[in-house]
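Colleague: The listed protein sequences correspond, in order, to chains A and B.
Sequential numbering of the first sequence, starting at 414, is according to our numbering.
Sequential numbering of the second sequence, starting at 1095, is according to our numbering.
Cβ atoms here follow ideal geometry from the backbone N, Cα and C, with glycine treated the same way.
My questions will all concern the structure given below.
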Amino acid sequence: MIASIPLLAAISACFSERIQESKVVPQYAVEQESNKSWAMAKSNPEAAFTTFHLDFNAFGLSKQSKSGCRHLLEHLLAYGEHGKLEFRLESEGGFLLLRTYRDDLDIQIDLPNSRWKDGFGFLNELVTSQAEWSPQNIEGEKQTIALEKGLLSDQRKASIAAWQGTFGDQGADPVGNLQDLGRVTLTNLSNLASTQLTADRAALSIVSSAPQAEMMDLERGFLSRLPVSPVDGEPNPRKIQITKKSLSYRGGGSARACVIAGMDSSSWYTTLAAALAIAGECKGAYVDIEPSVRQGVIVVGSESTGEVEKEIDSLDKNDTARLFIVGRHLLQQYLRLEWSGQAGQQIRTMLMSQGQETSLPFLLDRAKRMSLDDFATSLRMFSLENGWEIVGS
Amino acid sequence: MILGLVALSVLMRLNAQNQPSVEAVPSKDQSAITVDLFVRFRGGGPFDYAIQECIGKLAFQDTRDYGYATLRELTDRGGQRIEEESTPAGIHFWFKILDADASNVAPICRNLVYHPVLDDSSLKAVVGEFKSRRWTSLQKAVWPWKLPYTDIRLYDLKQGLARLAQPKNLFVTLACSGPYAYLASDVRSALERPTSSEPVDWKPDPLPFEKKKWNDSELPISWQGPSSLPNSKEFATNYLSLMILGGGKGSLIWQSWRLHQRWSYYQEADFISTSLGLAPSLFLFTNQTGEVTVRTEAIADLEQLASHLTEQDLARAKAFSQSVLLRGFGMNPLHALSKSGLDPLFLDNLWRSLCGNDPDWGDLDRQIQSISTAAAKANLLQLLHNFSSLDPKK
């Protein structure tokens, strides 16, 4: 599954729980292992089930693997050692979900609390076994990816066009180019697995009703068995290669996009707040980003062509103060929604695999400290002068 | 005297039938109130559905006392902007409002139901919007019918509103903290006096539903079985059948349509709502050509697998179903009932509107766990037979 983080929810829906982090809320234990992997665990007596996230960053891999190779690897991991891994997991009342991002692979396993320890066996099978990577299964998954590509939403297509237009091959969508994908071999996949599924790229988190110390112990054991990669996995910055102010995609709607800094920069918050404020003014609008420590692209779009552009181009100085309040509020709502509960565990593990530790109070504090001037600067980034348009056809 | 008591009890029953159903459930959120309002549609033809959809959209855009801008501001402050959707079972609104704005809850509900602004220019604009909107694959599958929006006149809207906006069709569930429990009674009072009586001469549009023809290549292929009520015996067995068919990646449609046949990247087995209840449905999403071949073979392939259903298949479906119902896993076959997903307030409203009770997931799970392999297999094969014979594209 190729994923981005849709923020439409943050604008128009879904703030179903206002979760306040306080002293009574269970906290994560976080530690880095000697092989550079990260272990995180949170014991929550109210957890309805146990969730594992095992993430591996993908820094430096685009040069070493063909387009779509990481995505194909993700599809094949689910086969496990004897096939039917998902069937066996679901027979225990569990569920498996894998997602490929530009900078990350995320493996999620949910299990009933009473079976939480079984999660390690399933994870181990996922990352170590290539027994089912037969030519037939590889070709079959290439076909499935072709089908997946044919069903991308307009939002996703706009986002792909924006990333590709901004960073060229460095912004390529991980779903993959079908021609390149057609040439991927078992050897390519095995090499990629041995490069990516390694300790120095990994972060593992568990949220369960189980005792925290026991979870951490078992995590340490699991992570210590991961191979260590000799490859440099540092996050090199993506280079902006934009040559056109107007990009296009096949589909409906239109969007504006601009560059967004990595999450360690304060401008990440102001840019996201500006995007949310703009989208909040338009019916049916969405915001699309991929949280990462690397510089990326942020897209504000709508299914109605020209809706978002009209809003941006009609902004004047008098709107800035009002939108600042709206944007800061929406940003805080979004952070509360996405950085708590299950979604929060996923993003936190993903960022941990990229070497950044973060927490909701820290993020909220940065959101609160945003200044009007910085916000105004970010708002201007979406003008046609600074950003670019993506138009469906 | 006895006669008098009997008469009083009949009168009370009649009153109860004409009362809105309003419930408040406790919420952890100490600062905001969540409101889910459902206006039950009790059946009709394509023209009646079209009217219902227009009324919902017009109410969302403007009401006598609350315009959209005011509603948006109030509900943005609450943390959930007001949303509206028309489902085959009725019109659905949901929003959140700050405790400090609690006095608006009852009047907003009354305005949305009884005082939408209906005029020719708004009607024209809404019909224009409907014609140009973009549909997601799931929307196309859940709502495949062509509706005659352009035939609607203002008179039809007003008649339609008089029919829909009756207390017996209104279901509200509020989630609020203790001090605001009184709101349920406020909302009930606000909704119990209709602005017009139900038209006595209304007859449903007798024309049959026709399938839409989509211009793009992205086609959902769908099958729909007969509806059942959530408190009926069939519902638990249908739920289990949908889990065997499409719940999780060990399910039959994943194994057959995705892994073996490579017909689709994603496929679903879901309940969809109808005016009669909840209908089990299958969806195959693809942009590939050769739809006709897939249609003929898709169900036959499943029938073949279902005829060899094993104890392990059933055990997987039951275990997975339990995780979905009791632990809140995704992949719930009820997720397609509303854009609000599996919002428990909406499900409470829908269940009450269909069978008079709130859902009891524990009881549903107990029923599912007690279904024998023979019964599960028989129901599954019957359902597949129904899918095949009720194929709406035939």
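Could you check what DSSP says for B/GLN1318 in three-state terms: helix, strand or coil?
Modeller: Of the three classes helix, strand and coil, the one that applies to B/GLN1318 here is strand, per DSSP.
Colleague: Going by the DSSP bridge assignment, what does A/THR579 pair with across the sheet?
Modeller: Paired residue(s): none; A/THR579 is not in a bridge.
Colleague: Using a Cβ cut-off of 8 angstroms, pull out every chain A residue sitting near B/LYS1305, in sequence order please.
Modeller: Correct list: empty, because the minimum Cβ distance to chain A is about 20 angstroms.
Colleague: Does DSSP put A/ARG431 in a helix, in a strand, or in coil?
Modeller: Here the model assigns A/ARG431 a pLDDT of 34, short of 50, so the residue's position is not dependable, and the following value carries that caveat. Residue state, collapsed to three classes: coil.
Colleague: Would B/PRO1416 count as contacting chain A if we go by Cβ distances under 8 angstroms?
Modeller: Note on residue identity: the sequence assigns Gln, not Pro, to residue 1416 of chain B. True, the Cβ-Cβ gap to chain A drops below 8 angstroms.
Colleague: Kindly indicate the opening and closing residues of the beta strand (DSSP E) around A/MET453.
Modeller: Per DSSP, A/MET453 belongs to the beta strand (DSSP E) from 451-456.
Colleague: Closer than 8 angstroms, CB to CB, is B/SER1180 near chain A or not?
Modeller: Closer than 8 angstroms: no.
Colleague: Just the chain A side, please: which residues come within less than 7 angstroms of B/THR1380 by C-beta, in chain order?
Modeller: Residues of chain A passing the Cβ test: LEU560.
Colleague: What are the partner residues of A/ASN470, as DSSP defines its beta bridges?
Modeller: DSSP, once it has assigned bridges, lists A/ASP517 as partnering A/ASN470.
Colleague: Could you check whether A/SER667 and A/GLY714 sit closer than 8 angstroms to each other, using their CB atoms as the reference points?
Modeller: Yes, the Cβ-Cβ distance between A/GLY714 and A/SER667 is below 8 angstroms.
Colleague: If we cut at 8 angstroms on Cβ distances, does B/GLN1406 have a partner in chain A?
Modeller: Interface residue, yes.
Colleague: Grouping DSSP H, G and I as helix and E and B as strand, with all else coil, what is B/CYS1148?
Modeller: Three-state result, B/CYS1148: helix.
Colleague: Pull up the distance between the alpha-carbon of B/ILE1176 and that of A/SER566, whole angstroms please.
Modeller: For B/ILE1176 and A/SER566, the distance between alpha carbons rounds to 24 angstroms.
Colleague: Tell me where the beta strand (DSSP E) around A/PRO548 begins and ends.
Modeller: Run containing A/PRO548: none in the beta strand (DSSP E); it sits in the alpha helix (DSSP H), 548-563.
Colleague: With a cut-off of 8 angstroms, do at least 3 Cβ pairs link the segment 1329-1346 of chain B to the segment 494-510 of chain A?
Modeller: The segment 1329-1346 of chain B vs the segment 494-510 of chain A: in contact.
Colleague: Along the segment 1339-1373 of chain B, where does the CB come closer than 9 angstroms to a CB of chain A? Name the residues.
Modeller: From the segment 1339-1373 of chain B, only GLY1341, GLY1342, LYS1343, GLY1344, SER1345, TRP1348, GLN1349, ARG1352, LEU1353, HIS1354, ARG1356, TRP1357, SER1358, TYR1359 and TYR1360 have a Cβ closer than 9 angstroms to chain A.
Colleague: Output needed for A/THR513: all residues of its chain with C-beta closer than 6 angstroms, excluding positions within five of it in sequence on either side, in chain order.
Modeller: ILE415, ARG483, HIS484, GLU487 and PRO587, listed in sequence order.
Colleague: Note down, in chain order, every chain A residue with its Cβ under 8 angstroms from the Cβ of B/SER1231.
Modeller: The contacting residues are LEU564.
Colleague: Quick check for students: name the residue ranges of the beta strand (DSSP E) that lie wholly in the segment 682-754 of chain A, counting only runs of 3 or more.
Modeller: Listed in chain order, they are 698-702 and 709-715.
Colleague: Distance cutoff 8 angstroms, beta carbons only. Does B/GLY1150 sit that close to anything in chain A?
Modeller: False, the Cβ-Cβ gap to chain A never drops below 8 angstroms.
Colleague: Along the beta strand (DSSP E) that carries B/HIS1186, what are the first and last residues, could you check?
Modeller: Residues 1184-1192.
Colleague: Among the residues of its own chain, which have a CB less than 8 angstroms from the CB of B/ASP1245, if the five just before and after it don't count?
Modeller: Around B/ASP1245: PHE1141 and ALA1144.
Colleague: Here's a check: name, in chain order, each residue in its chain whose Cβ is nearer than 6 angstroms to the Cβ of A/ILE573, leaving out the five neighbours to either side.
Modeller: Excluding residues within five positions, the ones whose Cβ falls inside 6 angstroms are ASP586.
Colleague: Assuming B/LEU1251 and B/ILE1185 are in contact, meaning their beta carbons sit under 8 angstroms apart, how far apart are those beta carbons, in whole angstroms?
Modeller: Contact doesn't hold; Cβ gap of about 13 angstroms is too wide.
Colleague: Answer with buried or exposed for B/TYR1160, where buried requires no fewer than 16 other C-beta atoms within 10 angstroms of its C-beta.
Modeller: Per the 10 Å Cβ criterion, buried.
Colleague: Near A/ILE725, what residues of its chain come up, given a Cβ to Cβ distance below 7 angstroms and the 5 sequence neighbours on each side ignored?
Modeller: Excluding residues within five positions, the ones whose Cβ falls inside 7 angstroms are ARG669, ILE691, PHE795 and SER796.
Colleague: Identify, in the order they occur along the chain, each residue of the same chain with its Cβ nearer than 8 angstroms to the Cβ of B/HIS1429, setting aside the five sequence neighbours on each side.
Modeller: Closer than 8 angstroms at Cβ, skipping near neighbours: ASP1364, GLY1435 and LEU1436.
Colleague: Can you check whether the CB of A/ALA688 is closer than 8 angstroms to the CB of A/GLN745?
Modeller: Contact flag unset, no.
Colleague: Residues in the segment 519-536 of chain A with C-beta within 9 angstroms of chain B's C-beta atoms, listed in sequence order?
Modeller: From the segment 519-536 of chain A, only ASP523, LEU524, PRO525 and ASN526 have a Cβ closer than 9 angstroms to chain B.
Colleague: If you draw a straight line from the alpha carbon of A/TRP529 to that of B/SER1417, how long is it in whole angstroms?
Modeller: Looking at the two C-alpha atoms, the distance is approximately 13 angstroms.
Colleague: Determine whether the Cβ of B/ALA1235 lies closer than 8 angstroms to any Cβ atom of chain A.
Modeller: Answer no: the Cβ-Cβ gap between B/ALA1235 and chain A never drops below 8 angstroms.
Colleague: In the DSSP output, which residue or residues are listed as bridge partners for B/ALA1180?
Modeller: Per the sequence shown, residue 1180 of chain B should be read as Ser rather than Ala. For B/SER1180, which the question treats as bridged, DSSP gives the partners B/ILE1185.
Colleague: Kindly indicate the opening and closing residues of the alpha helix (DSSP H) around B/TRP1455.
Modeller: Where B/TRP1455 is concerned, the enclosing alpha helix (DSSP H) stretches over 1455-1463.
Colleague: Any idea if A/PHE428 is buried or exposed, counting beta-carbon neighbours within 10 angstroms, 16 or more meaning buried?
Modeller: Note that A/PHE428 has pLDDT 30, beneath the 50 cutoff, so the model's placement of it is unreliable and the number below is only indicative. That one is buried.
Colleague: Three-state secondary structure (DSSP) at A/GLN618?
Modeller: Reading off the sequence, residue 618 of chain A comes out as Ser, not Gln. Residue state, collapsed to three classes: strand.
Colleague: Under 8 angstroms Cβ-Cβ, which residues of chain A neighbour B/ALA1153?
Modeller: What B/ALA1153 touches in chain A: nothing, since even the nearest Cβ is about 16 angstroms away.
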